[in-house]
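Participant: Structure incoming, see below.
Written as structure tokens, this is what we have:
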């Protein structure tokens with residue numbers, strides 16, 4: 001269903017070859033429906049104490065039909081779109097009119113001020129709608145929370161219901177006024193009930209929606225005029241009782257430029273300026289829903305920015321001519337399409353049809369029963385309330401749904417502006433509460449699950465695995481604000497309390513979308529908790545703006561470090577753990593002897609060629625022959641891939657006690673990457689020729705060397721398996 005509660009069903013693709021007479025016929029049928037809706041909205045706006053001015057209200061709404069429809073037809077991306085006054089905006093305008101009437105005494109000044117306010121609302125809405133479309137801001141409307149949309153549409157349904165009650169009784173909808181229904185003549189309410197019931201039943205049972213509105217209106221007219229005949233009531237008596245409209249010629253209309261400015265109470269209009277913004281908001285959202293619904297039903301893709309611009313231009317022109325707010329209508333567009341329309345001429349024909357009735361046969365308006373149009377209002381109101389207040393219960397969670405009746409209640413008591421404002425505020429608070437419960441910790445790790453890209457000796461790797469839980473790590477994602485930052489604080493405190501001997505808390509910010517100033521307090525508390533526990537806090541991959549924010553808050557100290565990457569942070573943490581285990585990387589080379597017997601180690605050393613590398617010196621380059629394996633005795637080398645821009649991508653670093661280049665040696669393939677010394681480094685080289693000589697002449701030494709290489713590869717595989725297991 002669309003914003004007015006109209007069912008949306010898919011129609012065949014548009015046939016643009018439909019002949020002109022078919023388009024004109026469809027447009028004239030739409031004109032009849034437009035006239036009925038226009039009279040209904042006039043009765044809604046000019047009700048209660050404003051009922052004496054209803055003839056002027058009828059002309060105002062009809063002018064909107066005559067002006068808005070052709071502009072929408074020419075500007076819409078859907079070629080057979082029908083535009084005109086709409087129930088959602090009319091419900092807001094009815095509240096505006098009631099407020100102005102309450103602020104002023106009855107008289108000529110009230111009518112002139114009200115007409116000026118309605119025209120000004122149309123012009124302001126047109127300008128803002130056009131600006132919204134011109135700046136490609138239509139998509140912004142889609143960010144409104146669904147409960148807010150549902151709440152104000154359900155609230156609009158309530159306003160339409162209240163307006164129908166006011167048309168019938170002359171009083172506002174209130175418990176104390178319900179007994180006024182009992183004193184109504186049956187001709188004032190029975191046709192309304194018949195129209196509403198016929199429309200609701202027809203929408204569910206008739207296969208052709210084209211027939212629903214004509215059948216419903218015809219049923220109401222039949223009941224009304226049959227009742228007049230049976231009761232012996234004349235048309236003059238019916239008009240005296242307020243059951244029929246008064247026919248007023250178009251010459252009675254006063255455009256805003258022709259209104260006596262001295263009679264306009266501008267301060268009263270300015271006092272209701274917030275309601276103008278409510279009209280704009282309601283109109284913009286309804287245009288979005290109606291255009292999208294029409295595009296879906298007719299299998300077209302409307303340009304929402306262009307639809308906004310078309311509605312904006314139509315309302316500026318309509319306001320200058322004295323009309324009310326109007327825009328694209330889904331129900332009338334679908335009716336127009338089902339009647340065979342396929343071209344812009346149908347929308348123009350609809351406007352011309354309305355003009356012909358007003359100019360050539362205004363007496364027809366005087367034969368339209370108000371009760372029939374009240375039935376139209378009731379049908380739209382019930383559709384909105386059912387769709388957005390009742391049916392949405394199954395679509396939303398309990399907290400989100402409760403916003404809808406809350407917004408409706410506020411709209412009923414304090415008006416649309418207060419209802420929408422409260423709804424947006426409540427939706428934001430609800431979002432903060434719910435998003436605060438969503439963990440921004442994407443993954444947790446220690447040194448069992450994740451390690452740096454530094455290859456370490458088998459002994460160092462074993463020590464890091466033994467003390468791996470000393471690092472409490474977490475990768476963060478999403479947007480951080482006070483609620484999510486506080487959840488990080490709580491989680492880290494729990495892990496600190498459960499850890500046996502924590503030494504480092506490491507937080508990776510690489511995947512965060514940003515953070516705000518409210519997070520500073522939580523991170524300051526986190527530093528305090530780490531200081532109390534004797535733990536270093538390490539932050540990695542902090543965005544520049546986030547680092548500046550935390551630096552201004554005074555977070556960084558000698559106990560808080562930050563690194564450019566997670567890899568750098570992990571490497572630093574590993575060095576701290578190895579140092580705490582009273583083991584340095586410089587001693588790692590001596591540990592190689594533990595993998596060989598004394599005599600084999602002595603013979604192996606005789607085969608190793610010593611080589612000293614300066615910092616930055618190339619050990620071997622990509623594409624070189626894989627004719628040797630290297631044992632790093634002191635220092636560190638890095639494996640990297642050269643990039644097209646002259647830079648290099650680091651793959652892995654190898655520290656003391658590790659071997660590098662063994663894969664190319666065994667596969668006899670060329671080197672796949674460059675290897676350079678990071679610092680002054682000493683390596684031992686075992687050539688392929690020396691290894692092959694050992695295999696032929698000293699099988700025991702070759703066997704122990706191969707076993708050592710297998711142990712190194714197994715150690716690497718164990719680390720990789722732990723990382724994969726932690727990821728799942």
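In the UniProt record's numbering, the protein residues as written are 1 to 728.
Every residue gets a Cβ at the ideal spot worked out from N, C-alpha and C, and that includes glycine.
Spell out a yes or no on whether the segment 47-62 and the segment 23-33 are touching, meaning 3 or more CB-CB pairs, one atom from each, closer than 8 Å.
Facilitator: Segments in contact, no.
Participant: Would the C-beta of residue 73 count as close to the ligand HEM, meaning under 8 Å from any of its heavy atoms?
Facilitator: The ligand HEM is not among the ligands present in this structure, which contains no ligands whatsoever.
Participant: Taking DSSP as the reference, what is the three-state secondary structure of residue 305?
Facilitator: It is helical.
Participant: Excluding the five sequence neighbours on either side, which residues of its own chain have a C-beta within less than 6 Å of the C-beta of residue 101, listed in chain order?
Facilitator: Closer than 6 Å at Cβ, skipping near neighbours: 49 and 50.
Participant: In whole angstroms, what is the alpha-carbon distance linking residue 243 and residue 188?
Facilitator: Approximately 6 Å, taken between the alpha carbons.
Participant: In chain order, what residues of the same chain have a beta carbon less than 6 Å from the beta carbon of residue 497, not counting five sequence neighbours either side?
Facilitator: Correct list: empty, nothing qualifies.
Participant: Could I get the ranges of all uninterrupted alpha helix (DSSP H) runs contained in the segment 368-439, with 4 residues as the minimum, in chain order?
Facilitator: Complete alpha helix (DSSP H) runs here, min 4: 370-385, 398-414 and 416-437.
Participant: Would you report the Cα separation of residue 8 and residue 294, rounded to the nearest angstrom?
Facilitator: The pLDDT assigned to residue 8 is 48, lower than 50, so where the model puts this residue is not dependable; a value taken from the coordinates is nonetheless given after this. So the two alpha carbons sit approximately 8 Å from each other.
Participant: Using the DSSP secondary-structure output, state which residues sit across from residue 85 in a beta bridge.
Facilitator: Partner(s): 326.
Participant: Using the Cβ count rule (16 or more neighbours within 10 Å means buried), how would you classify residue 156?
Facilitator: It counts as buried.
Participant: Counting along the chain, where does the alpha helix (DSSP H) carrying residue 575 start and finish?
Facilitator: Element bounds for residue 575: 566-580.
Participant: Given a cut-off of 9 Å, decide if residue 623 and residue 667 are closer than it, judged by their beta-carbon atoms.
Facilitator: No, they are not a contact pair.
Participant: How would you call residue 86, buried or exposed, if buried means at least 16 neighbouring beta carbons within 10 angstroms?
Facilitator: With 16 or more Cβ atoms within 10 Å of its Cβ, residue 86 is classed as buried.
Participant: Following the continuous alpha helix (DSSP H) through residue 738, name the residue where it begins and the one where it ends.
Facilitator: Shown here, the chain extends from 1 to 728; a query on residue 738 therefore has no answer.
Participant: Would residue 105 be called buried (16 or more neighbouring beta carbons within 10 Å of its own) or exposed?
Facilitator: Label assigned to residue 105: exposed.
Participant: Entirely within the segment 478-526 and at least 3 residues each: give me those beta strand (DSSP E) ranges in chain order.
Facilitator: Entirely contained in the segment 478-526, the beta strand (DSSP E) runs reaching 3 residues are, in chain order, 504-515.
Participant: In chain order, which alpha helix (DSSP H) runs of at least 4 residues are fully inside the segment 580-661?
Facilitator: Correct list: 598-607.
Participant: Taking a contact to mean a Cβ-Cβ separation below 9 Å, would you say residue 91 touches residue 160 in this structure?
Facilitator: Against a cut-off of 9 Å, the Cβ pair of residue 160 and residue 91 comes out as a contact.
Participant: With a Cβ-Cβ cutoff of 9 Å, do residue 317 and residue 39 count as a contact?
Facilitator: Cβ atoms of residue 317 and residue 39: not closer than 9 Å.
Participant: Grab the span of the beta strand (DSSP E) containing residue 538 for me, first residue to last.
Facilitator: Here the beta strand (DSSP E) through residue 538 covers 536-540.
Participant: Under DSSP, the alpha helix (DSSP H) around residue 682 begins and ends at which residues?
Facilitator: Unbroken run through residue 682 is the beta strand (DSSP E), 681-687; no alpha helix (DSSP H).
Participant: Determine, using beta carbons only, whether residue 54 and residue 46 come nearer to each other than 9 Å.
Facilitator: Yes.
Participant: Could you round the C-beta distance between residue 452 and residue 574 to whole angstroms and report it? I think they count as a contact, below 8 Å.
Facilitator: Confirmed, about 6 Å.
Participant: Just verifying my parser: in three-state terms, what is the DSSP assignment at residue 109?
Facilitator: Note: residue 109 maps to helix in three-state DSSP.
Participant: What number of angstroms, rounded off, separates the C-alpha of residue 671 from the C-alpha of residue 613?
Facilitator: If I take the Cα positions, the gap works out to 19 Å.
Participant: Tell me which residue opens and which closes the alpha helix (DSSP H) that residue 226 is part of.
Facilitator: Start and end: 212-231.
Participant: Less than 9 Å separating the beta-carbons of residue 679 and residue 660?
Facilitator: Contact flag unset, no.
Participant: Can you name the residues that DSSP bridges to residue 563?
Facilitator: In DSSP, residue 563 forms a bridge with 540.
Participant: What are the start and end residues of the beta strand (DSSP E) that includes residue 443?
Facilitator: Start and end: 441-445.
Participant: Determine the direct distance from the alpha carbon of residue 471 to that of residue 588, and round the result to whole angstroms.
Facilitator: Confidence is the limiting factor: at residue 588 the pLDDT is only 45, short of 50, which leaves the residue's position unreliable, though a coordinate-based value still follows. Roughly 22 Å separates the two Cα atoms.
Participant: I'd like the span of the alpha helix (DSSP H) that includes residue 469, first residue to last.
Facilitator: Careful: residue 469 lies outside any alpha helix (DSSP H) and carries neither H nor E.
Participant: How is the beta strand (DSSP E) around residue 677 delimited, first residue to last?
Facilitator: Residue 677 -> beta strand (DSSP E) spans 674-677.
Participant: Which of the three DSSP states is assigned to residue 246 in this structure?
Facilitator: Coil.
Participant: From 536, 507, 72 and 308, pick the residue whose C-alpha is nearest to that of residue 441; which is it?
Facilitator: When each option's Cα is compared against that of residue 441, the closest is 507.
Participant: Buried or exposed, going by whether 16 or more other CB atoms sit within 10 Å of the CB of residue 395?
Facilitator: Classification of residue 395: exposed, given that the 10 Å Cβ count is below 16.
Participant: Leaving out five residues on either side along the sequence, give the residues of the same chain with a beta carbon under 6 Å from the beta carbon of residue 103.
Facilitator: The answer, listed in chain order, is 268.
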